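Working notes for the structure below.
Chains as they are written, first to last, in the working numbering: chain A, 1 to 533; chain B, 1001 to 1274.
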């Protein structure tokens, strides 16, 4: 039985500069008990489709086509009919549980509200029912959890509550909009397992939206690939992944990082003098205000890093992995003098005790590339000015055009502003800026995590190429284990501010991880599915 | 820029404000050529005239044409008010951005000082400064500029705090840039939009404050045709000709309304979501 049926659906947004087509004649059908994975890069219209199904579009949306839920047309339904359908017959799980829950209501109030609204239960009945639901999504103490506010629960627990709310009224169809993207690897894994269990149990029709191909190949029965508002391919997981017909799908699949396909060859000589030695580096956050200090109050300090010691050889790629909040970026910021730190850093044999010791030669040799190119490039400066700063600071006769050429951008980009470039192009400009001073160590802080898969592959290839040509060492920070295993010579695993394991990629392949945390991290990662081509 | 103008013209207050400010600009630049008489041309036999075809807005106690005096006076009043606002804005923007950049103890020290200064009403503060510097147009400009600085510093800091967290600032620090470069080249251009809005609205206050100072005899000195001064002089002859006090007062009000509307329109145009 077809639960959700979309036929020839087209969506345009009317903007002051003309209409923009978001979705172009979409045909989709989801059967009862089926999971349809909707894959696409950012801007492809995935989320627009979800909101179109939920009938919650901005005022400038212009639509055509048909969306029907179990035979009933959604587009002709009145406002009050839609109100009765939302939450009752269609549920939705959002990407970020920390913003999709109301911070001023307890979790219990939020889940029982749906039941009161749609099932006509009394508050007391709904509360009891909600408690049962929370138990079903695997929360350890449902009764206590009902009383808590969102900030008192972890990200994974909050996402479980959101899922419980979506499933509460036994809807026919649930939309999952990247439900694990905002979560840590291990938590994401648990949420996925929960999703699979609930899906099998309730036989709900699910639309699972994601940009992660590896993940979709594991959870979905059918896959639809969305590219610039058009469905370029759809079919069962096996047919799409094993024999992709469309060119775009093929490119997308080829771009997925695979640990077994190494991008770098050889290993740096281990007997040479290390380029950087980090010795018992600790970072503490939290500052006691002037008035608070006068009043004799002390602010509790939070440790960002605790006694981290590691060394990087010249030309080595050291991958740092760990979940969010494990202190990966803190380490990067300490090494570039943005954060204060205790302990010592030895660069090329010279002792650096703090930001004060980081003089011009050190700054020139150690460069950092940030996660979001949107925020790391000054929006009011042209590319030329952005790239010329390192040259004026450290000297160097390289031309802007040559720098752009190095990162495979046309010279004409020099006169553009960052907002006139795409995400991948912006990140290339940031890379060009870092390499302008011919550094010996480049710290890459999650530089590909805000990019789409295909763009990420191109950026990584560029980095590997630059490393081969310049012999630069990288400190490559990421949460993507598949990617880091393709790229790094050694991997450092961080957990709650501490370095728990430092292992070379060969040892990892040969004998597996030693530390329990690394093992659980490795187990949680969805490896890319094997496919024929 | 063209897009901004189009958005500005779409809102009624923006369009009206822009029209009034454009009119004022024309008067400021070409006032002396538009004026039918000289500002100081006296005609003892034509005193206290009501508006007529000969004197469009009437004449004052010396028989000087009020329209001509207003047209000449616009240059003094509006230009000096804009100058004072610009001065206060620039100083405030730099202080606010620097404070946000430094952060920590320095930020606290700067902002608490600013708070202390802000607790003095701006007119009183301006009066104090004029008394210290002596009566003249220049000291009035300085007084208003200084009186506006704390408020602008506060507005700028709140915006600059968000900019401070951006990675391009971190990148500049990691690159080893000097603090002054980061404040002036990296941060200031990114806080300019709200500053422009705030500045436009403050020009209105500045015109009024300037007129007030002149009215109290602390700004422009006779025989200048400054609007506040014109109101002050006309006060004594109000019973002979109410027009004398009405026109310059209306002129001050029009400028204030014009800049206020433009500021409102700009705020909406620069920030389409609110």
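For every residue, glycine included, the Cβ atom is placed at its ideal position computed from N, Cα and C.
Since the model is a prediction, treat every value here as computed from it, not as a measurement.
Quiz item: Pick from A:302, A:68, A:387: whose alpha carbon is nearest that of residue 433 (chain A)?
Solution: A:387
Quiz item: If you run the structure through DSSP and keep just helix, strand and coil, what is residue 187 (chain A)?
Solution: helix
Practice problem: Could you work out which residues of chain B lie near residue 336 (chain A), taking near to mean beta carbons separated by less than 7 Å? | Solution: 1174
Self-check item: Integer Cβ distance of residue 1186 (chain B) from residue 1169 (chain B), believed to fall under 8 Å
Solution: 6 Å
Quiz prompt | residue 476 (chain A): first and last residue of the uninterrupted beta strand (DSSP E) it sits in | solution = 473-477
Exercise. Show which residues of chain A have a CB atom less than 7 Å away from the CB atom of residue 1168 (chain B).
Key: 375, 376, 377, 378
Exercise. Run the CB neighbour count on residue 142 (chain A), radius 10 Å, all protein chains shown included, and call it buried at 16 or more, exposed below.
Key: buried
Quiz prompt | Three-state secondary structure (DSSP) of residue 246 (chain A) | solution = coil
Exercise. Taking residue 324 (chain A) as the reference, give the member of A:477, A:212, A:301, A:286 with the closest Cα.
Key: A:477
Quiz item: Terminal residues of the continuous alpha helix (DSSP H) containing residue 145 (chain A)?
Solution: 142-147
Self-check item: Beta-bridge pairing of residue 517 (chain A) - partner residues as DSSP gives them
Solution: In DSSP, residue 517 (chain A) forms no bridge with anything.
Quiz item: residue 535 (chain A) by DSSP, collapsed to three states: which one?
Solution: There is no way to answer for residue 535 (chain A), as the model of chain A reaches only from 1 to 533.
Quiz prompt | Contact set between the stretch 1180-1213 of chain B and chain A, restricted to residues whose Cβ is under 7 Å from the partner | solution = 1186, 1189, 1190
Self-check item: CB contact below 8 Å: residue 1116 (chain B) versus chain C
Solution: Within the model displayed, chain C is absent; protein chains A and B are what it includes.
Practice problem: Over the uninterrupted beta strand (DSSP E) stretch that includes residue 1030 (chain B), give me the two end residues. | Solution: That residue, residue 1030 (chain B), is in no beta strand (DSSP E); its alpha helix (DSSP H) goes 1012-1034.
Quiz item: Tell me which same chain residues have a C-beta within less than 7 Å of the C-beta of residue 86 (chain A), skipping the five on either side of it?
Solution: 54
Quiz prompt | Nearest neighbour of residue 435 (chain A), chosen from A:465, A:189, A:453 [CA to CA] | solution = A:465
Quiz item: How is residue 1082 (chain B) classed by DSSP in three states: helix, strand or coil?
Solution: helix
Exercise. Mind listing the chain B neighbours of residue 363 (chain A)? Cutoff is C-beta to C-beta under 8 Å, in chain order.
Key: 1174, 1175, 1176
Quiz item: Can you tell which of B:1259, B:1235, B:1166 has the C-alpha that lies nearest to the C-alpha of residue 372 (chain A)?
Solution: B:1166
Quiz item: Within this structure, are the beta carbons of residue 214 (chain A) and residue 418 (chain A) separated by less than 8 Å?
Solution: no
Quiz prompt | Buried versus exposed, by CB contacts within 10 Å (16 or more), residue 6 (chain A) | solution = buried
Quiz item: Just curious, the beta strand (DSSP E) that residue 402 (chain A) is in, first and last residue?
Solution: It is not in any beta strand (DSSP E) - residue 402 (chain A) instead sits in the alpha helix (DSSP H) that spans 400-406.
Quiz prompt | Beta-carbon separation (whole angstroms), residue 439 (chain A) vs residue 498 (chain A), contact threshold 8 Å | solution = That pair is no contact at about 28 Å.
Quiz prompt | contact_flag[the stretch 1081-1092 of chain B, the stretch 1189-1206 of chain B] where n(CB pairs < 8 Å) is 3 or more | solution = yes
Exercise. Could you round the C-beta distance between residue 1035 (chain B) and residue 1057 (chain B) to whole angstroms and report it? I think they count as a contact, below 8 Å.
Key: That pair is no contact at about 11 Å.
Quiz item: Can you find a C-beta in chain A that's less than 8 Å from the C-beta of residue 1171 (chain B)?
Solution: yes
Exercise. Identify whether residue 137 (chain A) lies in helix, strand or coil by the three-state DSSP scheme.
Key: coil
Quiz prompt | Nearest-angstrom Cα separation, counted from residue 1161 (chain B) out to residue 1136 (chain B) | solution = 38 Å
Quiz item: For residue 448 (chain A), is the beta carbon positioned less than 7 Å from some heavy atom of the ligand GDP?
Solution: Annotation note on the ligand GDP: not contained in the displayed structure, which lists no ligands.
Quiz item: Along the chain, where does the alpha helix (DSSP H) that runs through residue 118 (chain A) open and close?
Solution: 107-119
Self-check item: Cβ separation of residue 1077 (chain B) and residue 1199 (chain B), assumed to be a contact under 8 Å, to the nearest whole Å
Solution: At roughly 17 Å, the Cβ-Cβ gap does not stay under 8 Å, so residue 1077 (chain B) and residue 1199 (chain B) are not in contact.
Quiz item: Are the C-beta of residue 370 (chain A) and some C-beta of chain B separated by less than 8 Å?
Solution: yes
Quiz item: How would you call residue 19 (chain A), buried or exposed, if buried means at least 16 neighbouring beta carbons within 10 angstroms?
Solution: exposed
Self-check item: alpha helix (DSSP H) runs wholly inside the stretch 285-332 of chain A, at least 4 long, in chain order
Solution: 290-294
Quiz item: According to the Cβ coordinates, are residue 210 (chain A) and residue 178 (chain A) closer than 8 Å?
Solution: yes
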